[in-house]
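Residue numbers (my numbering): 815 to 1406. From the three backbone atoms N, C-alpha and C, an ideal C-beta is built for every residue, glycine too. Predicted model, so just to flag it, every value in this text is computed and none were measured. Here the structure is laid out as structure tokens; the discussion comes afterwards.
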Amino acid sequence: TRELLNLINSFGEVAGYKINSNKSMAFLYTKNKQAEKEIRETTPFSIVTNNIKYLGVTLTKEVKDLYDKNFKSLKKEIKEDLRRWKDLPCSWIGRINIVKMAILPKAIYRFNAIPIKIPTQFFNELEGAICKFVWNNKKPRIAKSLLKDKRTSGGITMPDLKLYYRAIVIKTAWYWYRDRQVDQWNRIEDPEMNPHTYGHLIFDKGAKTIQWKKDSIFNNWCWHNWLLSCRRMRIDPYLSPCTKVKSKWIKELHIKPETLKLIEEKVGKSLEDMGTGEKFLNRTAMACAVRSRIDKWDLMKLQSFCKAKDTVNKTKRPPTDWERIFTYPKSDRGLISNIYKELKKVDFRKSNNPIKKWGSELNKEFSPEEYRMAEKHLKKCSTSLIIREMQIKTTLRFHLTPVRMAKIKNSGDSRCWRGCGERGTLLHCWWDCRLVQPLWKSVWRFLRKLDIVLPEDPAIPLLGIYPEDAPTGKKDTCSTMFIAALFIIARSWKEPRCPSTEEWIQKMWYIYTMEYYSAIKKNEFMKFLAKWMDLEGIILSEDPDVAVSCETMPGPSKHRSGCSQSANGWITGLPMEELEKVPKELKGSATL
């Protein structure tokens, strides 16, 4: 104990830092009562018997208590947070964003601090609590696997806590590959362990003979998950193009250290750089020069290994994305996210692409470019999240239909709820129903007034898939009109009536308001102006009653200087201080 205190004091004198003994705590590990008494008398630290809490993490005296003190409490905290937030006036997408911004960082911090083995039940309970929160205690309408899919697969990337946990556990392998003596749990588990021992685990032969100690709770678990992930990806974890020149495979050939150092400095540090088979030290002029400089006996031994059939078969391929994550980057920035993305690719919970299901219902086979267009439309259709949510729900086939409910209830009645008598498929409810068609006719009439020519194809308003000859600069305006129509149709989903044009126009004013404030917040006012200038003029000319009382209109109307002053062609809903920023070429294009 005295030697430890002297070491701490010596470090403080050199570094300029001192430990506050009055606030410091320590565990005491001894079964000798006399030794325990002496330590208590000599140490200035407070001796605790159960646990120490530091930076939000509870360190326990016994390893077996780590899970109970840290992860059971984490589960309780998350459930309590979700209970407090359940009544927030928040949209469906907003609740998913709460999970991303509030729940995920808290979980990642705890996983990162103590990467021990966690039972599957922990994640199942958390996933159930999060699911109830996202769906507001209602039955889910979209599969969990689809919600967790990346956007390019039609999902909305809701985080998977279990996969994030696995990514955090596996990330230690990145440090192992570099033989780093810091940022590794092996410095705590076994300080006398040579880091090179762990370096020989990643794409190396040393992994076949590793013997884990009983108290190796972190490194053993990392190795287990690393090995399991490699096998799922059908990647050899022992020999690959990323195997190092200084690997155990080559060291066992008893190559001279100066030979390996020369190859690393002049050619590269992996078998991919050195080359195997016919490409052995033959890919570049520098490699050929090195080949002539190294010891002949070393060259023969290297050739025997690099030209062996088994070596060539396992290393002639290019490195996979998984292998690149652990061998190429010089920085660990974004390491967890990159590992998580790769783990998502091998996750077996497959889901049907909703855009593909739309294609089968529309009797169309969308091209890759049309898929990308629909995915981009999900993100860019509006600057306001509450508006964009309607497009996301439509694309992901969120809404219940008579056909879907008939299957759920095992009923034979799948007729449209509006009373038209037709079979109520999702396409019928959005587009084909004779009570909905009048609204779509009004939408296309407005498009013609704006000199926009589009075919009456349901894929355009429902998915944002425009034909190649569609006017690019007018797509934002069209999207606004289409999403407003989707809102009105959804509002009368079960009502035996036609959605009215007046409701649609009012909804466009609502979208106008939301996007106005969003544009001000994001400093995208010019983009907002270009989108709404022509459309507002058409709306006001169609419904003059809207222009009579500017003060009754939603959103920015209260900032206006008066509708009577809009004769210069300005959008009537904009404050004067913003109008002064508008370029001259945009003035006068929509006289109201």
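Subject >> beta strand (DSSP E) segment containing tyrosine 868, residue limits >> reply: The count along the sequence shown starts at 1 and reaches residue 868 at position 54. Per DSSP, tyrosine 868 belongs to the beta strand (DSSP E) from 865 to 868.
Subject >> As assigned by DSSP and simplified to three states, the class of isoleucine 861 >> reply: Within the sequence shown, the letter at position 47 stands for residue 861. In this structure, isoleucine 861 counts as strand in the three-state DSSP scheme.
Original post:
Going by Cα to Cα distance, which pick from Trp1323, Ala1304 and Lys1289 is closest to alanine 1344?
Top reply: Mapped onto the sequence shown, residue 1344 falls at position 530. The shortest Cα separation from alanine 1344 among Trp1323, Ala1304 and Lys1289 belongs to Lys1289.
Original post:
What are the residues that DSSP puts in a beta bridge with phenylalanine 841?
Top reply: The residue you call residue 841 lines up with position 27 of the sequence shown. Its beta-bridge partners are Val862.
**OP:** With a 10 Å radius around its C-beta and 16 neighbouring C-beta atoms as the bar for buried, classify proline 954 as buried or exposed.
**Re:** On the sequence shown, position 140 is the one that residue 954 refers to. Exposed.
Subject >> threonine 874: first and last residue of the uninterrupted beta strand (DSSP E) it sits in >> reply: Position 60 of the sequence shown holds residue 874. Where threonine 874 is concerned, the enclosing beta strand (DSSP E) stretches over 871 to 874.
Subject >> Coarse secondary structure for lysine 1058, derived from DSSP in three states >> reply: As a first step, residue 1058 is located in the sequence shown; it is residue number 244 there, counting from the start. The answer is strand: DSSP assigns lysine 1058 an E or B state.
Subject >> Buried versus exposed, by CB contacts within 10 Å (16 or more), serine 1378 >> reply: Start at 1 with the first residue of the sequence shown, and residue 1378 comes out as number 564. Residue placement at serine 1378 is poorly supported in this model, since its pLDDT is 31, which falls under 50; the coordinates are not used for a value here.
**OP:** Could you tell me whether the Cβ atoms of aspartate 1112 and threonine 1073 are closer together than 7 angstroms?
**Re:** By 1-based counting over the sequence shown, the position of residue 1112 is 298. By 1-based counting over the sequence shown, the position of residue 1073 is 259. Yes, the Cβ-Cβ distance between aspartate 1112 and threonine 1073 is below 7 angstroms.
**OP:** Flag this pair as yes or no: are the beta carbons of lysine 886 and threonine 874 separated by less than 7 angstroms?
**Re:** Position 72 of the sequence shown holds residue 886. Position 60 of the sequence shown holds residue 874. No, Cβ-Cβ distance for lysine 886 and threonine 874 is not below 7 angstroms.
Subject >> Reference glutamate 852; option with closest CA among Ile866, Gly830 and Arg816 >> reply: For the purposes of this step, residue 852 is taken as residue 38 along the sequence shown, with counting starting at 1. Selected option, being the one with the closest Cα: Arg816.
Original post:
Closest to glycine 908 by CA distance: which of Glu1203, Leu1268 and Arg1305 is it?
Top reply: Within the sequence shown, the letter at position 94 stands for residue 908. For the residues Glu1203, Leu1268 and Arg1305, the minimum Cα distance to glycine 908 belongs to Glu1203.
**OP:** Have a look at Lys958, Asp901, Asn1177 and Ser1106 and flag the residue whose alpha-carbon is nearest the alpha-carbon of phenylalanine 1212.
**Re:** The residue given as residue 1212 occupies position 398 in the sequence shown. Minimum Cα distance to phenylalanine 1212 is reached at Lys958.
Subject >> C-beta atoms of arginine 1105 and leucine 1095 nearer than 7 angstroms >> reply: Looking up residue 1105 in the sequence shown gives position 291. Looking up residue 1095 in the sequence shown gives position 281. For arginine 1105 and leucine 1095, yes; Cβs fall inside 7 angstroms.
**OP:** State buried or exposed for tryptophan 1318, treating a residue as buried only when at least 16 other CB atoms are found within 10 Å of its CB.
**Re:** Taking the first residue of the sequence shown as position 1, residue 1318 is located at position 504. Buried, by the Cβ-count rule.
**OP:** May I ask you to report which of helix, strand or coil DSSP gives serine 1084?
**Re:** Start at 1 with the first residue of the sequence shown, and residue 1084 comes out as number 270. The answer is strand: DSSP assigns serine 1084 an E or B state.
**OP:** Could you have a look at arginine 1097 and say whether DSSP puts it in helix, strand or coil?
**Re:** Along the sequence shown, read from residue 1 onward, the residue named residue 1097 stands at position 283. Three-state DSSP puts arginine 1097 in coil, outside helix and strand.
Subject >> aspartate 1018 classed as buried or exposed, judged by whether at least 16 other C-beta atoms fall within 10 angstroms >> reply: In the sequence shown, counting from the first residue as 1, residue 1018 sits at position 204. It is buried - the Cβ of aspartate 1018 has at least 16 other Cβ atoms within 10 Å.
Original post:
Which residues in the same chain have their Cβ closer than 7 angstroms to the Cβ of lysine 889, if we skip the five residues on either side of it in sequence?
Top reply: Looking up residue 889 in the sequence shown gives position 75. So the list reads Phe936, Glu939 and Leu940, once near-sequence residues are dropped.
Subject >> Straight-line gap, isoleucine 928 to lysine 1159 (C-alpha atoms, nearest Å) >> reply: For the purposes of this step, residue 928 is taken as the residue at position 114 of the sequence shown. For the purposes of this step, residue 1159 is taken as the residue at position 345 of the sequence shown. One C-alpha to the other measures close to 26 angstroms.
Original post:
What's the call for leucine 1205, buried or exposed, on a 16-neighbour Cβ count within 10 Å?
Top reply: Residue numbering aside, residue 1205 sits at position 391 when the sequence shown is read from its first letter. At residue 1205 the sequence reads glutamine, which differs from the leucine that was named. It is buried - the Cβ of glutamine 1205 has at least 16 other Cβ atoms within 10 Å.
Subject >> Nearest to isoleucine 919 (by Cα), restricted to the options Ile930, Arg898 and Gly870 >> reply: The residue given as residue 919 occupies position 105 in the sequence shown. Note on residue identity: the sequence assigns proline, not isoleucine, to residue 919. Ranking Ile930, Arg898 and Gly870 by Cα distance to proline 919 puts Gly870 first.
Subject >> Identity of the residues DSSP links to arginine 1131 by a beta bridge >> reply: Translated into the one-based positions of the sequence shown, residue 1131 becomes position 317. Answer by DSSP bridge pairing: none, since arginine 1131 is not bridged.
Subject >> Cβ separation of proline 858 and serine 835, assumed to be a contact under 8 angstroms, to the nearest whole Å >> reply: The sequence position of residue 858 within the sequence shown is 44, counting from 1. The sequence position of residue 835 within the sequence shown is 21, counting from 1. At roughly 4 angstroms, the Cβ-Cβ gap stays under 8 angstroms, so proline 858 and serine 835 are in contact.
**OP:** Please classify arginine 1248: does DSSP put it in a helix, a strand, or coil?
**Re:** The count along the sequence shown starts at 1 and reaches residue 1248 at position 434. Coil, per DSSP.
Original post:
Rounded to a whole number of angstroms, what is the C-alpha to C-alpha distance between aspartate 974 and arginine 1305?
Top reply: Along the sequence shown, read from residue 1 onward, the residue named residue 974 stands at position 160. Along the sequence shown, read from residue 1 onward, the residue named residue 1305 stands at position 491. Distance between the alpha carbons of aspartate 974 and arginine 1305: 32 angstroms.
Original post:
Can you name, in chain order, every residue of its own chain whose Cβ lies under 7 angstroms from the Cβ of alanine 981, other than the five neighbours on each side?
Top reply: Mapped onto the sequence shown, residue 981 falls at position 167. Ile1150, Ile1153, Tyr1154 and Leu1157, listed in sequence order.
Original post:
When we look at the beta-carbon of serine 1174 and count the other beta-carbons within 10 Å, is it buried (16 or more) or exposed?
Top reply: As a first step, residue 1174 is located in the sequence shown; it is residue number 360 there, counting from the start. Looking at its Cβ environment, which holds fewer than 16 other Cβ atoms inside 10 Å, serine 1174 is exposed.
**OP:** Can you grab the Cα-Cα spacing for the pair leucine 821 / tyrosine 843, in whole Å?
**Re:** What you label residue 821 is simply residue 7 of the sequence shown in a count that begins at 1. What you label residue 843 is simply residue 29 of the sequence shown in a count that begins at 1. Roughly 20 angstroms separates the two Cα atoms.
Original post:
What did DSSP end up calling arginine 1232 once you bin it into helix, strand or coil?
Top reply: As a working mapping, residue 1232 is identified with position 418 in the sequence shown. It is coil, neither helix nor strand.
Original post:
Is the number of C-beta pairs between the region 985 to 995 and the region 1132 to 1141 that are closer than 8 angstroms three or more?
Top reply: yes
**OP:** Please report the Cβ distance between leucine 1241 and leucine 1176, rounded to the nearest whole angstrom; I am assuming they are in contact, meaning their Cβ atoms lie under 8 angstroms.
**Re:** Position 427 of the sequence shown holds residue 1241. Position 362 of the sequence shown holds residue 1176. With a Cβ gap of about 7 angstroms, leucine 1241 and leucine 1176 count as contacting.
Original post:
Can you give, in chain order, each stretch of the beta strand (DSSP E) that sits fully within the region 870 to 944 and has at least 3 residues?
Top reply: 871 to 874
**OP:** Would you give the residue range spanned by the alpha helix (DSSP H) that isoleucine 1209 belongs to?
**Re:** For this step, residue 1209 is matched to residue 395 along the sequence shown. Note on residue identity: the sequence assigns threonine, not isoleucine, to residue 1209. That run of the alpha helix (DSSP H) goes 1199 to 1209.
Original post:
Using the C-alpha atoms, what's the distance from alanine 943 back to cysteine 1247?
Top reply: Here residue 1247 refers to the residue found at position 433 when the sequence shown is read from its first residue. Here residue 943 refers to the residue found at position 129 when the sequence shown is read from its first residue. Cysteine 1247 and alanine 943: Cα-Cα distance of roughly 38 angstroms.
Subject >> Coarse secondary structure for arginine 1237, derived from DSSP in three states >> reply: On the sequence shown, position 423 is the one that residue 1237 refers to. Residue state, collapsed to three classes: strand.
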